[in-house]
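Okay, structure first, notes after.
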Amino acid sequence: MTGVMKSSYGDVYYNGKGISKNRNELRKEFGICCQNNIIYDEFTVKEHIKFYSDLKNVKVNVDEILDKVNLVHQKDLKASKLSGGQKRKLCICMAIIGNPKYIFLDEPTTGLDPLSRRSIWELLIKIKKNKTIFFTTHYMDEADILADRKLILNKGKIRCLGTSLYLKNHFNMGYILNVETNNKDYINTLIKNEIPNAKYIHSSGNFNKNEKNRCYSWKLPLNMTFKFSSLLNILDQTINEKDPSMKYSLSMPSLEELFIRLEDNIIHSKNYENLIDVDNEKESLLTVNDQLPKLKPIKKTNKFRVLLNLVRYRLKIFIRNKAFAFTSILLPFVSSLLIFFLFNNTFVRNELSSDSNVLSVSSMYNNNIINFEPQLFKLTNISKENIIFLLNNNKNNSKNNSKSNNNMIHTNSLNEIKSPSYNSPYYFSSVWGEKEGNNYNFKIYYNDTMVHSIPTTINTLSNIILLENGINKNIILKSQVLEINNPQISNTNLLVVNLLISSCFIMALIKFAPLILNERINYLLHQLQLNGVTRNTYWLSCFITDYSIFIFSIGLIVLSGVLAKFELLLNIRIIMVLLILLIIWSIPAILFQYILSFLFDQMDTIYTYIYIINFCSILLGYILLFIIDLKNSTNITVNISKYNYLYDNPYLILNIVLTLFSPLYSILPILNSLFSLEFYNKSMKYELNIINILKFRNGITPVITCSIILIFIYYGILIKLDKKKNQTNKSDIRNMPERVLKTYEKILEEGDEDVKNEFDYVKTHQNELPISVIDVNFGVRNHECFGLLGPNGAGKSTTINIISSIIPQTTGKITFNGIENYISRLNNFSMGFCSQIDILWNELTIREHLELFLKIHGYNNEDARFYASQFINIAGIEEHQNKRIEKLSGGTKRKLSLLIAICRYPKYILLDEPTGGMDPSTRRLIWNIIKKVKSENNTSIILTTHSLEEAENLCDRLSILVNGRLSCIGSPEHLKLKFGKGYILEICCSNIEKFHNEIIVNGKLFGNEDYQMEKLSFNRVKYSVKLVKKLGEIFEVMENCKTINFIKDYSFSQISLEQVFIDFARKQVMISDD
1 MTGVMKSSYG DVYYNGKGIS KNRNELRKEF GICCQNNIIY DEFTVKEHIK FYSDLKNVKV
61 NVDEILDKVN LVHQKDLKAS KLSGGQKRKL CICMAIIGNP KYIFLDEPTT GLDPLSRRSI
121 WELLIKIKKN KTIFFTTHYM DEADILADRK LILNKGKIRC LGTSLYLKNH FNMGYILNVE
181 TNNKDYINTL IKNEIPNAKY IHSSGNFNKN EKNRCYSWKL PLNMTFKFSS LLNILDQTIN
241 EKDPSMKYSL SMPSLEELFI RLEDNIIHSK NYENLIDVDN EKESLLTVND QLPKLKPIKK
301 TNKFRVLLNL VRYRLKIFIR NKAFAFTSIL LPFVSSLLIF FLFNNTFVRN ELSSDSNVLS
361 VSSMYNNNII NFEPQLFKLT NISKENIIFL LNNNKNNSKN NSKSNNNMIH TNSLNEIKSP
421 SYNSPYYFSS VWGEKEGNNY NFKIYYNDTM VHSIPTTINT LSNIILLENG INKNIILKSQ
481 VLEINNPQIS NTNLLVVNLL ISSCFIMALI KFAPLILNER INYLLHQLQL NGVTRNTYWL
541 SCFITDYSIF IFSIGLIVLS GVLAKFELLL NIRIIMVLLI LLIIWSIPAI LFQYILSFLF
601 DQMDTIYTYI YIINFCSILL GYILLFIIDL KNSTNITVNI SKYNYLYDNP YLILNIVLTL
661 FSPLYSILPI LNSLFSLEFY NKSMKYELNI INILKFRNGI TPVITCSIIL IFIYYGILIK
721 LDKKKNQTNK SDIRNMPERV LKTYEKILEE GDEDVKNEFD YVKTHQNELP ISVIDVNFGV
781 RNHECFGLLG PNGAGKSTTI NIISSIIPQT TGKITFNGIE NYISRLNNFS MGFCSQIDIL
841 WNELTIREHL ELFLKIHGYN NEDARFYASQ FINIAGIEEH QNKRIEKLSG GTKRKLSLLI
901 AICRYPKYIL LDEPTGGMDP STRRLIWNII KKVKSENNTS IILTTHSLEE AENLCDRLSI
961 LVNGRLSCIG SPEHLKLKFG KGYILEICCS NIEKFHNEII VNGKLFGNED YQMEKLSFNR
1021 VKYSVKLVKK LGEIFEVMEN CKTINFIKDY SFSQISLEQV FIDFARKQVM ISDD
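Per the UniProt record's numbering, the very first residue in the sequence shown carries number 1; after that it's consecutive.
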């Protein structure tokens, strides 16, 4: 309708203009509030209004428009600081900027409490003049009250369209008469005498402790409204003459029943009358074939089996988590492979290079001079010419060297040699010699700037001696580089490689802490504990899974070194020792990650800082080791050659201190020591045996000993932190002062009997924040559903979270079957929990979730599969059972959350808004599942909800929280009769003003009672009157008006439970929307 999606055919027309061809023009008159909040987190509320007013080129008074939705006091807050309800209000504000002609609202009040929803309704009613407002909603009461016309879609088709009165009449929907009496049979006879086709529906099933009456309900057909006046007059007469304690109320059913029938394809063109028996149809939603499964009794749960199941499912979660697989497995492997490959040629070995040079005068110093002192020629008969001949006949000389060789030989005394002039040849040596018998003594003066001058000169002299002895062969001398290790360079390179490889190990490790935090802050750990998983079992399953994954990553990193043929990682003994050391080091390293997770409460912060914390520990050690290496690199070589060990005491002490500070650091000295030993094994033939590897002064033993000690220390710290974080302790519960306690007990003695129970929930926020929940006292019986209602911020979810131990109480008692919560561990209570948020693993499917919790409860694989299939069928989610959670709709997730809470039929069930965001048909299905669980099992249920209809349908008793305190408690019918002192009359007629003047004002329809008039449209008006004693007279007047065609139609019913709720909720001191 707004042009966001293009229709395949057809068009939407606005005043005759189709949107397909006039989209940009028509959108100037649009105001849109989407289902998701489209806001900028860094913009303030005021900046949002200004930004959108500038886009629409209109000037607005920011305070005035924000005042319409009670956001004036939040105008300078950033959008990220607003509650969910405030964000919805801001989106609605942005939709009405510029007084648009067409306003589209997609579920504008989802997630708001009834009072906030009412304020939005009032705003829309005020601004709807001269506008067309189109809104979608899951709340039928919202559509009934707010919309002039209702359109119900089913599978893409319009099923019905019209006003509330038209639809209720057209589909023959009936009134509900509630009577609170102690004589049900007598009242039933009275009703049947007046209206024979009236049907008895049910009783509330609850008694008020102070009264003997019980509430009963009958359905009265709409086509018998002309009989209502006489029936109600008879009831009034009965109250006056026979039963003064009797109370009654009359209410019109909502459109939700019609929606349910349409959703289930019950309505047919010729069979509308089926709608009259609504309650029987409700009960049939669970058919015979879809009854709740009968779980067979099981023996005590096998903890080992629970452990195996948790490990199996956690492995599935890891494998399916693509981000984890990439950052913890693939990325470390690829990074380490690259590092090993790049540094593979940086460690020098004692080997000859493949390149060589011939050392001779003609080849090395062709343009320089060699001097033979005259004394030398007296030793033998070798003349200068013979030497020249010798050089010219060298097989390495070129043919053109004769002249040059002649010039390069001088026969001067040493003191006759002068410094060469610029560009003249240099002397590379001068030789003096003598002969004694067969021994030659030579003295060589050489130019030390010419590296090969000595060996070249000696080689020349050797060939002269050969020539003197008649041997016509030459000695050929070659120079070949011998690559000798430089300890300074090698040790530095080792440190760099070790730092980078250590970073790869850290990279494979750091995901474990965020995953643990995710399970804690999203209550996945809590859900497991409520289902019987002990803390030790949970942590052991986490460790086994994480350890297995980490060892696999470690193996890949080591494998990368082998694949890259890293020269220090080709020794099988080194590989085996390294793997053993890493297996030991991994244990404290993983435990350390678990402990670090307790430093954080948000996922975004832990991802930001966890790598910094882990990496800084090895970076600090690297810097200190690098400093030591610069000063003592030669000491290591000396130590290994003289004393047979690597390191001195300062190095060892540093490693021990840093390891105790952070176990992650120890990977650096482990790698450094092991690779250094292999390096000296290759370069200095250091014997590489187990004794030498584990020698204390070689650095591995002290570090690995500290790591083993840290295993026990970190385990103790982990258990203590977990106990403090996840369990209510008696020391944390403060006793109430004696004076206050006596006053408190006195107040309870004077109060309603329904409030006097053993439960006392008190939650006080820290840092002097206001009290969230105080003096909330109630008990829940077996087979009972107790409802907690209240506006946003009243303390409903806080109370549920205290009962489930998510939030520990600061004072008061929480008892389960007489046992206080701090005495027994959480896993010992049989409790099902459906939180306001869906406590699910995104990587698992619906079926895997249900099978996991059934297996935890003790069922074997076959039984778990069977029962899971039955629960899936009951909830109608067969087509989604193999989909992962991340691909499910919100309604399907809520169904699964409920199934997890009830799948083992626990003794206690806590449901926090279980049907939030669901359509009416799905809500009814969930209601019936909850009813079945309550009636067929020995179960106590506590339910919070924003849906008053849900509370009325499910709850045997309910209470309304206002500012953290219980304002009332009782059955829904009891509360309506006690606090619902008012009725609503809705009229449809052609002349509203005439009806008002003649019937309401002059005819005094309501007598002297106060009333409120609200025009719903040009032909519809609604009156709210506080108290009417003679209801029959009003029906009589309305029927007469209808007979003479003064009015077209009317409805008259008691103010709903929602109105009772709103009256209480108005007392709430609204600190914030939530």
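From the three backbone atoms N, C-alpha and C, an ideal C-beta is built for every residue, glycine too.
When the alpha-carbon of TYR175 is set against those of ALA79, LEU911, CYS504 and TYR248, the nearest one is in TYR248.
Counting along the chain, the unbroken beta strand (DSSP E) around ILE176 starts and ends at 175 to 181. Straight through space, the alpha carbons of LEU414 and VAL361 are spaced by roughly 20 Å. Cβ contact annotation for LEU658 (same chain, cutoff 6 Å, sequence separation greater than five): GLY621 and TYR665, in chain order. For LYS682 and LEU315, the gap between their C-alpha atoms comes out near 42 Å. When DSSP reads this structure, MET918 sits in no beta bridge, so it has no partner. The DSSP-derived three-state label of TYR1050 is strand. Beta-bridge analysis with DSSP links VAL358 to LYS478. If you compare the alpha carbons of GLU949, THR181, LEU524 and LEU896 with that of PRO920, the shortest gap goes to GLU949.
Across the structure, LEU123 and TYR40 are spaced so that their CA atoms are roughly 24 Å apart. ARG957 sits buried, since 16 or more C-beta atoms from the chains shown fall within 10 Å of its C-beta. Under the DSSP assignment, PHE552 falls in the alpha helix (DSSP H) whose first and last residues are 535 to 563. As the crow flies, the alpha-carbon of ASP106 is around 5 Å from that of GLN35. Distances from the alpha-carbon of PHE550 to those of ILE590, GLY561, GLU519 and ASN531 put ILE590 closest.
If you draw a straight line from the Cα of THR137 to the Cα of ILE1055, it is about 22 Å long. Judged by beta-carbon spacing, LEU854 lies within the 9 Å limit of ARG904, meaning their Cβ atoms are closer than that value. Within the same chain, and ignoring the five residues on either side of ARG23 in sequence, the residues whose Cβ sits closer than 7 Å to its Cβ are GLY3. In this structure, the beta-carbon distance from ASP76 to LYS46 falls below 9 Å.
Cα atoms of PRO669 and SER586: separation of roughly 15 Å, rounded to the nearest angstrom. In this structure LYS1026 is in contact with ASP1010, their Cβ atoms being roughly 6 Å apart against a cut-off of 8 Å. In this structure ILE516 is in contact with TYR594, their Cβ atoms being roughly 6 Å apart against a cut-off of 8 Å. CA-CA distance, PHE675 to LEU850, rounds to 50 Å. For PHE333, the enclosing alpha helix (DSSP H) begins and ends at 331 to 342. When DSSP states are grouped into helix, strand and coil, THR301 belongs to the coil group.
Here ASP722 is buried. Its C-beta has 16 or more other C-beta atoms within 10 Å. For ASN371, the three-state secondary structure derived from DSSP is strand.
Counting C-beta pairs with one atom in each stretch, the region 985 to 1001 and the region 1040 to 1049 have three or more that are closer than 8 Å, which means they touch. Per DSSP, the continuous alpha helix (DSSP H) segment holding GLU1039 begins and ends at 1031 to 1043. An exposed status is given to ARG573, since fewer than 16 other beta-carbon atoms sit within 10 Å of its beta-carbon. Contact annotation: MET224 and ASN197 have beta-carbon atoms nearer than 9 Å. In chain order, VAL558 and LEU674 place their CB closer than 7 Å to the CB of LEU578, counting only its own chain and leaving out the 5 sequence neighbours on each side. One Cα belongs to PHE566, the other to ASN344, and the distance between them is close to 5 Å. ARG159: member of the beta strand (DSSP E) spanning 157 to 162, first to last residue. By the Cβ rule, the region 450 to 465 counts as touching the region 416 to 433, because three or more pairs are nearer than 8 Å. Using a Cβ-Cβ distance cut-off of 8 Å, the region 800 to 812 and the region 501 to 517 are not in contact, since fewer than three pairs of beta carbons, one from each stretch, lie closer than that value. Taking the C-beta atoms as reference points, ILE239 is found no nearer than 9 Å to GLU194.
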